[in-house]
Amino acid sequence: MEELIKKVAEQIAAAKHIVALTGAGISVESGIPPFRGKGGLWEKFDPMEVAHINSFMSNPEKVWRLLISSMKDLLVSAKPNAAHIGLARLEELGLLKTVITQNIDGLHQMAGSRDVVEFHGSFAWLRCLDCGNRVKTVDIELSQMPPRCECGGIYRPECVFFGESIPMQDLDRSQVAASTCDLMLVVGTSAVVQPAAFMPVIARQSGATIIEINPEPTPLTGTTSTLLVQGKAGKVMRKIIAEVERILADKRQ
Ligand code: OAD
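Note that the sequence shown ends on residue 254 in the numbering used here; no numbers are left out.
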């Protein structure tokens, strides 16, 4: 493991343009459950029932009660962990250019990452379905479900539900980032939801090295990705960053 960490750190320190693709697993150590696998949200709920746009439109109260309100409680208290902070540090060092995240939790920005594509939108803001008025999710009272705007319209989170398209500008920015990087870090994603899971494929086809950090192999492992550092994102990233800092300090001497 230590040898693998060193190898990955060397590749990171030598890279010119790193892009990260992150998923729910990167926020597990921040107390936010993933969707798939043990303890995942989709063990408790059918995603087509609680996370599909048609379910939301036909019964917004149910989706607010079952999914969105509990997410709101989790997200208001969640803090970035060593993995989010590590990616922000790589950006500060000038090595990493863009984080493409499937997460809606805002933890990358909270950790200090500046160039973040929120591929599946964000939970930070709600938008009225009728008049388009936007409010911060933390500022909304959940005494009535679903919460309503002053105009009477229902608020929805600004995330991408199943059945909705990825906003064109986010898709464009991600495709450009994926096709121009020389190294992609794929952290905490099961890599089964498209089109996000295709970004590492684009990067690989454009000649980039793909490195995964995940406790489990994914469909990318050994096909699209060249290395898998098997472990928890925060733990692994803390070690990688320490090693990258050491390599860069040695170079400066
Ligand atoms: P998933 O829940 O599908 O996958 C989580 C991944 O994180 C798995 O591969 C786990 O092995 C890994 N994991 C678990 N704990 C970890 C840890 N401590 N450190 C690192 N990795 C860990 O999450 P996503 O791939 O993000 O979409 O899911 C993609 C999309 O499916 C989500 O954005 C969401 C969901 O339905 C929408 O809501 C549109």
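Where a beta carbon is used, it is the ideal one built from N, C-alpha and C, also for glycine.
As a quick exercise: from 240, 65, 19, pick the residue whose alpha carbon is nearest that of residue 144.
65
Looking only at C-alpha atoms, which of 153, 96, 23, 203 sits nearest to residue 102?
23
Is the beta carbon of residue 65 within less than 8 Å of some heavy atom of ligand 1?
no
Looking at the strands, I want to know which residues DSSP matches up with residue 122.
160
Segments assigned alpha helix (DSSP H), at least 4 residues, entirely inside the stretch 16-91:
42-45, 48-51, 54-59, 61-64, 70-78
9 Å Cβ cutoff, residue 123 in contact with chain C:
The structure shown contains no chain C, having only a single protein chain.
Go to residue 135, then tell me how far its beta strand (DSSP E) extends in each direction, as first and last residue.
135-137
Cα-Cα, which of 89, 91, 106, 99 is closest to residue 78?
106
Give a single yes or no on whether residue 55 has its beta carbon closer than 8 Å to a heavy atom of ligand 1.
no
By the 10 Å Cβ neighbour count, where 16 or more other Cβ atoms means buried, how is residue 200 classified, buried or exposed?
buried
Consider the C-beta atom of residue 219 and the heavy atoms of ligand 1; say whether any pair is separated by less than 8 Å.
yes
With respect to 8 Å, is the separation between the Cβ of residue 160 and the closest non-hydrogen atom of ligand 1 below this value?
yes
Which first and last residues belong to the beta strand (DSSP E) in which residue 222 is found?
No beta strand (DSSP E) contains residue 222, which DSSP labels as neither H nor E.
Alpha carbon to alpha carbon, how far is residue 192 from residue 21?
13 Å
Hey, out of 54, 148, 99, 26, whose CA is closest to residue 42's CA?
26
Residue 246: first and last residue of the uninterrupted alpha helix (DSSP H) it sits in
234-253
Drop a sphere of 10 angstroms on the beta-carbon of residue 233, count the other beta-carbons inside from all chains shown, and report buried for 16 or more, exposed for fewer.
buried
Does ligand 1 have even one heavy atom less than 8 Å from the beta-carbon of residue 37?
yes
Nearest-angstrom Cα distance between residue 213 and residue 185?
8 Å
Could you tell me the distance, in whole angstroms, from the CA atom of residue 162 to the CA atom of residue 210?
31 Å
Closest residue to residue 125 among 152, 139, 133 (Cα-Cα distance):
139
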